[in-house]
Structures are given as C-alpha cells and as structure tokens.
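**Student:** Got a structure for you, written out below as structure tokens; questions coming shortly.
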Amino acid sequence: MIYNDSQIRKIKFGSKAETLAQINNLSLSCTIPPFTFFSRKDWRIQSASLLEKISKSFQPYLVAVRSSAACEDGIGLSNAGAFESILNINPDNTKELREAIEKVFASYPEKDEADQVLVQQMVTGIAVSGVILTRFVDDGSPYYVLNYDDETGRTDSITGGTGVHKTVMVYRKYKEEYFDSPRVRKMLALAQEIEEICGWVPLDIEFAIDHDGSVYLLHVRRISTVGGWHPDTEHRVSRVIPQVERFIEHLSARRKGLFGASSIFGNMPDWNPAELIGPIPSPLAASLFRKLISSNAWSVARAQMGYHKIPRTELMVLIGGRAYIDVRASFNSFLPKGIPEEIGEKLINAWLARLSANPSLHDKVEFEVAHTVLDFTFDTVFAERYGDVLTPEETCIFKACLQEFTNNVLDMSAAGNLPMALFRIDSLAENQSNGVLAIKTESPVALAAFIADLLEDCIQYGTIPFTIIARHGFIAETLLRSAIQRGAITRERVAEFKSSFNTIMGELAHDTQAVCEGRLDEAVFHERYGHLRPGTFDIMSPCYRDRPDLFDNCNIADRADHQDPFTLTDEEEQAINTLLQEAGLDSIDAKGLFAYAQVAICGREYGKFVFSRNLSAALEAIASWGEFYTLGREDLSYLTIDDIINSCYTSTRDEMTSVLMQKVDQARIGQSFAKLLKLSYLIRGVRDIHVVPIHRSDPNFITQKKIERPCKFLDATTLNSGSLKDYIICIDNADPGFDWIFSKSIAGLITKYGGANSHMAIRCAELQLPAAIGCGEDLFERLRNCRKIVLNCESRVIRPLGYYEG
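Taking the numbering used here, I'd label the letters of the sequence shown as residues 28 to 833.
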C-alpha cells in the first residue's frame, strides 16, 4: 500500500503544534494536555505578552517547552528528536521560561519566521511514557512498534534516547488472545484511534499513561520515511506469517527420540548463530554453518564426551530466514548418558519452562538454566530452580549420572576426551602446514571437489573436536564459578588466573606488535594469521591478509605483557580439594582442576583458530570458483555450499551460469523478505510471531573497572577505521576475527551478541580489558549512536552520553 497526502482524513498535517491543535478539536478517549504555540515571528514581536499569557494559562502547573520547527515533520524528512525540548519549567518564572523558549528556537538549523514553539502542560504521576510507530520506520513492515519506559516517570526518556527502554513489536493483524498486558492494550487502542482520525497514514505517536491509567496524547507526526518503502511490504509479510506459524507448530510438536513436550527457538542459546553468522545469515554462511556444525557434528561430539546420544537432529533452523537454535534439541544433548527416560522428560520440560519464563537468560542457558556438569553448588541451585520437578530419589539418580560424567570429562590422561580432541586438532594443523590449503587448480570441477575435501577434513578434525573442547571450556567455567560461589576462591583471583596465560589470540597480539616494530616480517605473520576474518563464515568479510589497516596505530605492550604463572595459595588449594571431595569428583585435585581449566580455555581458542583456517581456505576457493561463472563475492553469498559443490555435475558453463544467477536472484528476494519479518531473540510459540518483545539482555561484564570514553562502531567489512586508541569499540558479534582491534590500544569493548564464555569474553578477561559482552539489540543500537559511553563493570552499568544529531 502506498501512503500519500491525498488520502481522506479528518485532519490536515502541518507542524507538530498545528496537527495537535486539529486533533484537539475532535472527540477522543484520551486526553491532550493543555497547550499553546506561537511562531518565531510572534515571539520576536510580542515575547513579553506571550510570556504573560503562558504564565496566566498554566499556573500552577509546570510546562514543557517543545520544538515544532517547520523542518521537523515534513514529507520525506523528519528531525524528530533533533531539536531541544525542555521539561519542568515554572511558567511563573519569566526568566527561566524565556531562556527555555529561546534555547528551543536556537536549536533549529534555519531561522525561519514560521518556526514554532509548543508550550504544553506537564503530565504528572506518569507510570508509562513512550512512542508508538504504526509501521516499522525503516521498511514499512506492518507492525505497531511500542517503545516505552515504565520506570523513570519522565516523558522524554524515549525521544531523548535515555532511560530504560522496553520495545514490543505487534503484528498489525494480531489476535486479542495473544495479550496479557493491559498497558499494551491501551497503547494499541490509542494508536488505532489516532489512525482513524489521520486516515491510516503511518504515524509516530508520543504518549503518556499516569498511575490512574489515564492516557495522554502528547503529539502526533507522520513517519517521514514512507517514500522509501516497497509498496508490497504489507502483503509480503501477511503472506509469510501463516507459513511461519505452521513451521513453528511443526517444529514444536513431539519428536521421536527427544525428551520435551515442545520446543523454544533462540538465536543465542548453545552455538549462538546470531554471533557466528548473524541473525539473518546469507545462504552461504547458513549452509556452511549447517554442514560444519549444526547438521550432525554438534551432537556427535557431545555423544563422544558422554552426554546423552540423540537421533540425528538439525540444531539450527531458519525461521522466516532468521537463524535459531532448536533449544529442545540442545537441552537433550546436555543430559548425561544413561539418564532414565522419565527423569529426562521432566528435566527438559523444566529447563524449557525456566527459559520461557526468564527470556533474558537466552544467552546464558549453560550457566543459568541447564545443569550440564556436577558443580560445587548443584545441591542448592538445583533445589532453588527445580526443587519440585524430581522426586528425592530421581534427584539422586540425576546427580549420580552427572557425577560419573564429570569424573570422566575431567580425565586428563591420553585417553581423556579433551586430550584426544586436542590431538585431532593438532593433526589438522599439521596437515594444514603441509600445503593442503593452497589452491592448485582453476578448473571449477576440481575446485568444487577441493572445497568439499577441505570441509570434510574440517568436520572430522576441526569442528567435531572443537565442539568437544568448547564444551570443556564451559565445564571449566561452570566449576570455577561454583568455586567462587562457595567461597573457595575469589572472583578477583579467578580473573588473575585467566589473565596469567596466553591464548592463541594473545600470541596474535604480540606478533602484531612485533610486525609494527619491525621484529617480524608481514609475510610470516600472514602465513599464520592471515586466514582470520571478523565474520568467520562470511565470504564478504576481508581476511587479515587483505586488511590494509591491520598494522596501523598498533600499541599493545601496555596490556599484553607476559604474566607470571598462577599458583593457588595453600588455603585455596585446601578449600577446592574439600569441594571436590564433597562432590565425589575424585579424578582430579585442585591443582589439576586449574590445569584442566587452562587447557580447556586455551584449547577452545586454538581449536577455532585451526578449524577456521580450513573454512577460510574454502571461502577463498569458492571465490575462485565463482570467477569461472562471473560471480562476485556478493553473488556467491546468496548460494548454498551444496549449490557450489554439486555444480560439477553440469557440463555446460552457460547453462550453469544461468541456473546459478537464478538462484542468486531468488535468494536476494528471500533475504529482503526476511528483513521485513520482525522476530525476537526467543520464540516460545506462535504467539511470539505476533507479539515480539525485544528482550533486554543482561550483558556479561568483564573486569571490575569503570571507564568513560568516546565510542566507535565497527562491522565485519570495516576497513581503514582510523585510530581506535582510547575508544570503546562497539561490534555486533564476539568473533575471533575482530582480534586485530586489541592491537589498537582500545579502552573497552561492547558487543551486541556473545555469551559469558564467548571468545571475546575470554580475550577481554585475559587482557583485563573492561567489556560488556552480549548487551542485546535495543541497548546496543542506542550505544552505537552516542558520542560517549560510561562502562562501569563493577556496578554492571552501561550509560550512553550524548547522541549524534539526526
């Protein structure tokens, strides 16, 4: 549907003040606070009389002096929030009122005599304030976007970009039974009433609700981006919504061989596809992730460790083009081998219920939801979370299964699965050093076979053992955290432990500095690290050897100096040994536990470093293969790995080129559809397709430091980023390919995605760099558009300071 000013409506849009005045003449169920407005010309000629009028009209109430510029709400242009609005002005204080009005006028870019200022009575006793968009502003998707604050009691916390934001997107054809919030119902009722008045023009509505439940309309403006929307957007979304609903219902149904009555889908639990391939991955990235990890390797690896063996199950599903983890499948793979069926069923349903009730735990399921190892707090934590789920006898059986599993995984002998996994990773690294990654042919048929071989080796000697090592990393972290909770060691001492050893990425930092100082040849550096890229699965992301800015402004000596080996004190050793004995973990002692943790944490980084070399070589080979069919990297990103590997079965180049381009064009359309469909981090059922809360993530804070610095946003394709020294860097995901930033003397790090045990969390702990890993979409988008950030890791607070105009 195309929207324009010729549609029939009950009002004619003008300035903010003029539009509000017209609406005020109509009968409404909501209240518009008393207001007046005047132009710059009026102010220049009769400011004294205007001040007197305002004083008489609004006493004894405070007023808000709001912008209403001629350039603020025009067709095709919105400067919403760009100009001053000043709250809580005493209208009887002539000096204060004059200064506020003149400050608002002064904030306009042009000195247009028609510019206006709106003076409005303040609403008192505010319970909720916010903004409602009747279409998604970027693309016109048919959603009500409710962005509100129900904590600060201010009317400008949303428009001013400060305060605590909550966001809910509601599909316009929603069903009433999907709502359980009276507040949300009131917001939607207000939006629909104003839509009827305004002729269904896409609107931006500012509102407030007081503690008595009364609704106040503060202003209405048109959404200015309408001209850039596709006219078929609403139809596209309405066509795909029923398909997604059916898909969710089918995926959530009972599955043979899996415990759990239904499922939940999240883009951050377990393998974190949002972090690794993005929330809307390209077909190539998604298919590579599936082939290397989520199709089978993930569950094979866990069964080899001693977890419950499940039937072949796809871990990652694409819902409307967005990547999600099947949490039921994931949780099943965390049960210990030998768990009785009745206990497994109860546990999986309980874990799913806890995550459903606490969606903010979506990126912390291994620590806050599932019990994947017998740690030192099991008895108290399990009782608190799931005390009535199992009988006492069943709890003992579950604990015994976990105890047997934990003793086995802590085995550091040559027969243990962690040493064996590291051995297989070493085998892959040795094979890589023998030149097997070099492209030795330009034949597309041979290239396709070469790519297939690279990926098969990557699965058998890379991602399967890496999955094992990564799980050991989580187990080590869980045991260390529980030792802290039991008081056997302090959080600061564990941080000291983590910073005492270098991961492979620590070596990268030192070697980067060595190149900058002329102590290491660039060619030697690229031979070892050149395969790394910020988007490990992204063919569009330049690898290190293709980054011209890699060695600019390097300075890491102050943070990456070698640390002395960590040694437990006698008291710590005795306390941890006591905990191990209490838990029945007799396969290791305190010193062995910390040695195990170091091997697991370092091995996790090393394993990904090695397997990503095969993956990077495959991506470069795909680029070479694409040249034969005149396909660039962007085109190739829209193909799947099977499209490429299976291409060798067609003999005619022209025919294959035509077939491939058709696939590319079709996939481009599919990607554009995926962006129109708005989905949340967590899908708990069909209801979450219609009502989409943007869950506020609790970031994973690293260190206890507090800093205040300017910020800079980088993405996977950023080149020539300029100096990053003393900046807080904001990146979407916690990928190892971003490790080059640690050579730039950055002050801190914030990521949108990433869990408590993600690569960047480990790296920042190693460097003792203040960081907030996985702060979520809503907070991250506000942070990336501000000038400065206060990052207080000790108090677990992130606060944006000052926003850029526009």
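Using N, Cα and C, we set each Cβ at its ideal position, and we do this for glycine too.
So the candidates are Val211, Asp207, Phe206, Arg249; which of them puts its Cα closest to the Cα of Ile221?
**Tutor:** Closest option to Ile221, Cα to Cα, is Arg249.
**Student:** At what residues does the beta strand (DSSP E) containing Thr194 begin and finish?
**Tutor:** Per DSSP, Thr194 belongs to the beta strand (DSSP E) from 193–198.
**Student:** In this structure, does DSSP put Lys815 in helix, strand or coil?
**Tutor:** It is a strand residue.
**Student:** Spatial neighbours of Leu437 within its chain, please: C-beta separation below 7 Å, excluding the five flanking residues on both sides.
**Tutor:** Hits under 7 Å: Leu612, Ser614, Ile615, Tyr623.
**Student:** So, with DSSP's three-state summary, where would you put Thr468?
**Tutor:** Coil, per DSSP.
**Student:** Cα-Cα, which of Leu709, Leu481, Leu474, Trp325 is closest to Ala380?
**Tutor:** For the residues Leu709, Leu481, Leu474, Trp325, the minimum Cα distance to Ala380 belongs to Leu709.
**Student:** Go ahead and pull the three-state DSSP assignment for Ile729.
**Tutor:** Of the three classes helix, strand and coil, the one that applies to Ile729 here is strand, per DSSP.
**Student:** Would you mind giving the Cβ-Cβ distance between Ser357 and Ala235, rounded to the nearest angstrom? I have them listed as a contact below 8 Å.
**Tutor:** No, Ser357 and Ala235 are not in contact; Cβ-Cβ is about 42 Å, not under 8 Å.
**Student:** Start and end of the beta strand (DSSP E) containing Arg65?
**Tutor:** Correcting the residue type first, residue 65 is Phe in the shown sequence and not Arg. 62–66 is the span of the beta strand (DSSP E), which, as asked, contains Phe65.
**Student:** To the nearest whole angstrom, what separates the beta carbons of Val172 and Phe65, a pair I think is in contact under 8 Å?
**Tutor:** That belief does not hold up - the Cβ atoms of Val172 and Phe65 are roughly 32 Å apart, past 8 Å.
**Student:** Could you tell me how far apart the beta carbons of Thr667 and Pro310 are, in whole angstroms, since I believe they sit closer than 8 Å?
**Tutor:** Between Pro310 and Thr667 the Cβ distance is about 5 Å, and since that is below 8 Å, they are a contact.
**Student:** Name the DSSP beta bridge partners of Met343, please?
**Tutor:** DSSP lists Ile352 as partners of Met343.
**Student:** Taking the beta strand (DSSP E) that Cys757 belongs to, which residues open and close that run?
**Tutor:** It spans 755–758 - the beta strand (DSSP E) in which Cys757 sits, taken as one unbroken run.
**Student:** Can you give the Cα-Cα distance for Lys37 and Leu53, rounded to whole angstroms?
**Tutor:** Going from the Cα of Lys37 to the Cα of Leu53 covers about 9 Å.
**Student:** Among Leu445, Leu401, Glu411, Asn435, whose alpha-carbon lies nearest the alpha-carbon of Glu424?
**Tutor:** Per the sequence shown, residue 424 should be read as Ile rather than Glu. Checking every option, the nearest Cα to that of Ile424 belongs to Leu401.
**Student:** Who are the Cβ neighbours of Leu658 in its own chain at under 7 Å, not counting the five residues just before and after it?
**Tutor:** Excluding positions up to five away in sequence, the list reads Leu687.
**Student:** Nearest-angstrom Cα distance between Ala324 and Arg317?
**Tutor:** Approximately 9 Å between the Cα atoms of the pair.
**Student:** Short check: CB of Pro61 to CB of Gln148, under 8 Å?
**Tutor:** The answer is yes: Cβ separation under 8 Å.
**Student:** Cα separation between Arg814 and Cys738?
**Tutor:** Answer to the nearest angstrom: the Cα atoms are 6 Å apart.
**Student:** Beta-carbon within less than 6 Å of Gly187's beta-carbon, same chain only, minus the 5 sequence neighbours each way: which residues are those?
**Tutor:** Reliability fails at Gly187, whose pLDDT of 47 lies under 50, so the model's placement of it is uncertain and the value that follows must be treated cautiously. Closer than 6 Å at the Cβ level, and outside the excluded window around Gly187, lies no residue.
**Student:** Given this structure, state the Cα-to-Cα distance separating Gln625 from Val354, to the nearest angstrom.
**Tutor:** Each residue's Cα considered, the two are about 29 Å apart.
**Student:** Would a C-beta distance cut-off of 8 Å place Ala141 and Ala91 closer than the cut-off?
**Tutor:** No; because the gap between Cβ atoms is not below 8 Å, this pair is not in contact.
**Student:** Here's the rule I'm using: 16 or more other beta-carbon atoms within 10 Å means buried, otherwise exposed. How should Glu821 be labelled?
**Tutor:** Its Cβ having fewer than 16 others within 10 Å, Glu821 is exposed.
**Student:** Three or more C-beta pairs closer than 8 Å, one from the region 484–500 and one from the region 637–644: is that the case here?
**Tutor:** Yes, the region 484–500 touches the region 637–644.
**Student:** To the nearest angstrom, report how far apart Ile825 and Met295 are at their CA atoms.
**Tutor:** Taking the straight line from one Cα to the other gives about 21 Å.
**Student:** Are there 16 or more other CB atoms within 10 angstroms of the CB of Asp681, so buried, or fewer, so exposed?
**Tutor:** By the neighbour-count rule (16 or more Cβ atoms within 10 Å), Asp681 is not buried but exposed.
**Student:** Just verifying my parser: in three-state terms, what is the DSSP assignment at Val164?
**Tutor:** The answer is coil: DSSP assigns Val164 none of H, G, I, E or B.
**Student:** Return the first residue and the last residue of the beta strand (DSSP E) that Gln148 is part of.
**Tutor:** Gln148 -> beta strand (DSSP E) spans 143–148.
**Student:** Is the Cβ-Cβ distance between Ser326 and Ser360 less than 8 Å?
**Tutor:** Yes, the Cβ-Cβ distance between Ser326 and Ser360 is below 8 Å.
**Student:** Just to confirm, are Leu382 and Ile337 a CB contact at a threshold of 8 Å?
**Tutor:** Cβ distance not < 8 Å, so Leu382 and Ile337 don't count as in contact.
**Student:** Measure the CB-CB distance between Gly348 and Phe132 and report whether it falls below 8 Å.
**Tutor:** No, Cβ-Cβ distance for Gly348 and Phe132 is not below 8 Å.
**Student:** Is there contact here, the region 201–208 with the region 712–722, by at least three beta-carbon pairs under 8 Å?
**Tutor:** Yes, the region 201–208 touches the region 712–722.
**Student:** Since Asn461 is in the alpha helix (DSSP H), which residue starts that stretch and which ends it?
**Tutor:** Per DSSP, Asn461 belongs to no alpha helix (DSSP H) and is neither H nor E.
**Student:** What's the gap between the Cα of Leu835 and the Cα of Leu794?
**Tutor:** Outside the shown range of the chain (28 to 833) lies residue 835, about which nothing can therefore be said.
**Student:** Residue range of the alpha helix (DSSP H) that Gly7 falls in?
**Tutor:** There is no way to answer for residue 7, as the model of the chain reaches only from 28 to 833.
**Student:** Around the Cβ of Asn299, are there at least 16 other Cβ atoms within 10 angstroms (buried) or fewer (exposed)?
**Tutor:** Buried.
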